[in-house]
Structure formats: structure tokens, C-alpha cells
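Student: Numbering (the numbering used here), first residue to last: 6 to 322.
Even for Gly, the Cβ is constructed at its ideal location relative to N, Cα and C.
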Ligand code: ASP
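1) Looking at the unbroken alpha helix (DSSP H) that takes in residue 230, where does it start and where does it end?
2) Within 10 Å of its beta-carbon, does residue 300 have 16 or more other beta-carbons around it, so buried, or fewer, so exposed?
3) Could you tell me whether any non-hydrogen atom of ligand 1 is closer than 7 Å to the CB of residue 208?
4) Do the stretch 191-207 and the stretch 38-45 make contact, defined as three or more Cβ pairs closer than 8 Å?
5) Below 8 Å, how does it come out for the stretch 210-218 and the stretch 231-248: are there three or more Cβ pairs, yes or no?
6) As a quick exercise: from 125, 322, 258, pick the residue whose alpha carbon is nearest that of residue 201.
7) So residue 296 is in the beta strand (DSSP E); what residue range does that whole segment cover?
8) Evaluate residue 146 with the Cβ neighbour count: other Cβ atoms within 10 Å of its Cβ, from every protein chain shown; 16 or more gives buried, anything less gives exposed.
9) On the CB-based measure, 16 or more other CB atoms within 10 Å of its CB, does residue 271 come out buried or exposed?
10) Using only alpha-carbon positions, find the residue among 49, 111, 73 that is nearest to residue 161.
11) Residue 284: which of 266, 297, 225 sits nearest, CA to CA?
12) Round the Cβ separation of residue 65 and residue 57 to the nearest angstrom and send it over; I've been treating them as touching at under 8 Å.
13) Since residue 11 and residue 166 are thought to touch, with beta carbons under 8 Å apart, how far apart are those beta carbons, to the nearest angstrom?
14) Among the residues of its own chain, which have a CB less than 6 Å from the CB of residue 83, if the five just before and after it don't count?
15) Which two residues bound the contiguous beta strand (DSSP E) that contains residue 71?
16) Is the stretch 169-185 touching the stretch 222-237, taking contact as three or more C-beta pairs under 8 Å?
17) Terminal residues of the continuous beta strand (DSSP E) containing residue 83?
18) For residue 291, which of 171, 234, 251 has the nearest alpha-carbon?
19) State the Cα-Cα distance for the pair residue 219 and residue 268, rounded to the nearest angstrom.
20) Would you kindly work out how many angstroms separate the C-alpha atoms of residue 28 and residue 22, rounded to a whole number?
21) In the DSSP assignment, find the unbroken alpha helix (DSSP H) run with residue 160 in it and report its ends.
22) With a threshold of 7 Å (Cβ to nearest heavy atom), would residue 167 be considered close to ligand 1?
23) Which word fits residue 90, buried or exposed, when buried means at least 16 other C-beta atoms lie within 10 angstroms of its C-beta?
24) Under the DSSP definition of a beta bridge, which residues are partnered with residue 126?
25) Pull up the DSSP beta-bridge partners for residue 196, would you.
26) Identify the continuous beta strand (DSSP E) that holds residue 168 and give its terminal residues.
27) Would you say the beta carbon of residue 255 is closer than 7 Å to some non-hydrogen atom of ligand 1?
28) Under 6 Å Cβ to Cβ from residue 237, same chain only, skipping five residues before and after it: list those, please.
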């Protein structure tokens with residue numbers, strides 16, 4: 006059995022690519038990297054890779070993480086500038102014995118040394134979004150718009166589970182700010198004996214629950230991916246509200262090593278993309294019920310077209 010699941014509609018083309026590779030017997034690591042690179046390279050997704058929205062100083066700082074569930078190897082980078090494919094750098098770091106997590110100038114030095122593609126990641130379109138936001142927020146800079154991390158879990162025919170993320174983090178974040186996405190256990194986690202999970206939403210809150218690890222732990226205890234996702238999101242949402250009065254956006258997806266998958270969210274509007282040996286690449290829209298249970302339905306053609314139309318519409322300043 007093989008399969009791949011990812012946060013958001015934006016992963017669809019990447020998932021299609023990975024599904025083809027997995028079918029041909031490619032490894033989970035190579036398939037997930039190819040899938041995330043496809044999202045990073047697409048200029049109209051403003052929260053991942055090229056075209057990602059900048060921080061408050063108009064600099065695009067990127068985070069990425071990778072975990073191999075066979076070996077527990079982890080690699081991650083934080084706040085890296087001007088490299089085309091953060092996921093490939095994170096994956097390469099996972100092969101090192103030490104220094105697996107690098108940030109800022111150190112991460113850039115490493116990427117340069119290993120000849121990863123250098124690229125100016127700030128597009129004219131992202132600059133236009135920045136100018137627009139700056140105008141709107143002339144009183145006070147408040148991050149968190151135009152976020153959405155791509156996170157994926159991938160299972161190959163030999164039973165290897167990997168998990169990976171890539172993001173430009175929160176729009177208008179502080180320089181040097183790192184969210185959950187490159188933090189193992191928070192943004193992503195994989196254990197081939199169980200499965201994997203990944204998250205998107207407000208990194209500062211997702212981290213408080215080590216949510217991806219928690220989902221894998223719950224699956225290990227015998228919960229289905231759907232049960233594990235719902236329990237992890239609902240428990241953290243409740244605790245944050247009790248202790249802090251509010252909970253940020255928390256959305257997750259998971260797949261176990263049988264190719265069964267699940268999702269959960271505490272917001273309206275979460276979508277995910279998934280493909281398995283038995284299911285062609287499909288985008289689902291998630292609805293959270295009042296009792297915290299999450300259901301999902303196939304996105305209509307109309308929804309998919311509208312999604313792309315909005316993503317590619319001119320930026321009105
Ligand atoms: N979790 C990401 C971060 O906090 C953003 C997102 O997924 O929307 O950097």
C-alpha cells in the first residue's frame with residue numbers, strides 16, 4: 006500500500022506527482038520531496054516557497070522540516086532567505102549525524118556550500134501584498150494573514166513513512182520568527198511503525214501541544230487517524246481556551262502505515278489533498294461539527310476553479 010496526504014488544496018498537483026512516483030516504486034522520501042518542491046515552485050501560493058509573503062521587513066524567510074520514519078532522522082531549517090527549495094535543504098540535513106537543524110545565516114551557508122539553488126524569493130506580487138497590508142495596518146502591525154503551511158505525510162510500498170513541511174510562516178512576522186513547521190513533533194512527525202502527522206495554523210499554539218507527535222502517539226495507542234486527529238485538536242483547543250482564553254487556528258492531517266487517513270481542524274475553511282493506491286488524488290473540504298467531530302467531502306469542480314481564480318487574481322492595492 007502507498008499513499009500521501011497533505012494540508013490544503015495547494016498540495017494537489019504535488020500529490021499527483023508523488024502518487025505517480027509511488028506507483029512506480031519510488032521511495033517515500035523522494036516522493037514527498039518532489040511533492041513539496043512542486044508547491045514551493047508555484048508562484049501563486051503565497052505561503053510557501055517562491056511567492057511566499059514576507060516578514061515585517063519585507064524579507065521572505067522560509068522554514069522547512071523533514072522526518073524519516075524508518076530511521077527517525079530529522080532535518081530542519083528556519084528563517085532561511087533566498088533559496089528555492091527549503092525542503093531539499095531540510096532533507097539533506099536529516100542525513101547529517103549532528104547539526105540537523107540550522108537557522109538563518111548558518112542555514113544559508115550550508116545550503117550555499119551544498120550548491121542548493123539560490124533564488125530571490127520575493128516576487129513583485131508578494132511586494133504588492135506587502136504594500137497593501139502595510140497600508141491597512143498603518144496603525145499597528147499584526148501578523149497572521151496569508152499563512153498556510155504545506156505539510157505532508159507519505160507512505161511507500163515498502164512501508165516507509167515520512168513527514169515534511171515547508172512554509173514562509175506568518176505574513177508580517179518578526180524577522181527571525183520561527184513557527185511550528187520546522188519543529189519536529191509540532192509541525193510534523195513520522196514513525197514507520199505507526200504513521201505520520203503534520204499541522205498548519207498558528208505555530209505559536211500548535212507548538213504548545215506538540216500536536217504532530219501527539220497524533221502519532223494516539224495512533225500508536227490504537228486510535229484511527231481520524232480519531233487521533235480529532236482528539237489532539239479538540240484537547241489542545243480546549244486547553245488553550247481554558248488556560249489562555251483563546252485558541253489559534255489548529256488544523257492537522259495524518260496517515261497510518263496502512264494508508265488510512267484522517268484530519269481535524271478548529272476553523273472553517275480547512276481543506277486537504279490525498280491520494281492512495283485506492284483513491285485518486287482528491288481534495289476534501291473539512292467541516293467541524295459542534296461536538297468537535299470533523300467530516301469531510303470532496304471539493305466540487307466549482308470550488309476548485311474558484312480557488313485558483315482567487316489565487317491568481319491581480320492584487321488590488
Ligand atoms: N504554522 C505556520 C507557522 O506558524 C503557519 C501556517 O501553517 O499557517 O509558521
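Tutor: Taking the structure as given:
1) 230-249
2) exposed
3) yes
4) no
5) yes
6) 258
7) Note, residue 296: premise wrong, no beta strand (DSSP E); not H, not E.
8) Low confidence applies here, because residue 146 scores a pLDDT of 46, under 50, leaving its location unreliable; read the following figure in that light. Residue 146 should be labelled exposed.
9) buried
10) 73
11) 266
12) 5 Å
13) 14 Å between Cβ atoms; not a contact.
14) 68, 108, 183, 187
15) 67-73
16) no
17) 79-85
18) 234
19) 14 Å
20) 10 Å
21) Here residue 160 belongs to no alpha helix (DSSP H); instead the beta strand (DSSP E) covers 155-160.
22) no
23) buried
24) In DSSP, residue 126 forms no bridge with anything.
25) 200
26) 166-172
27) no
28) 216, 219, 220
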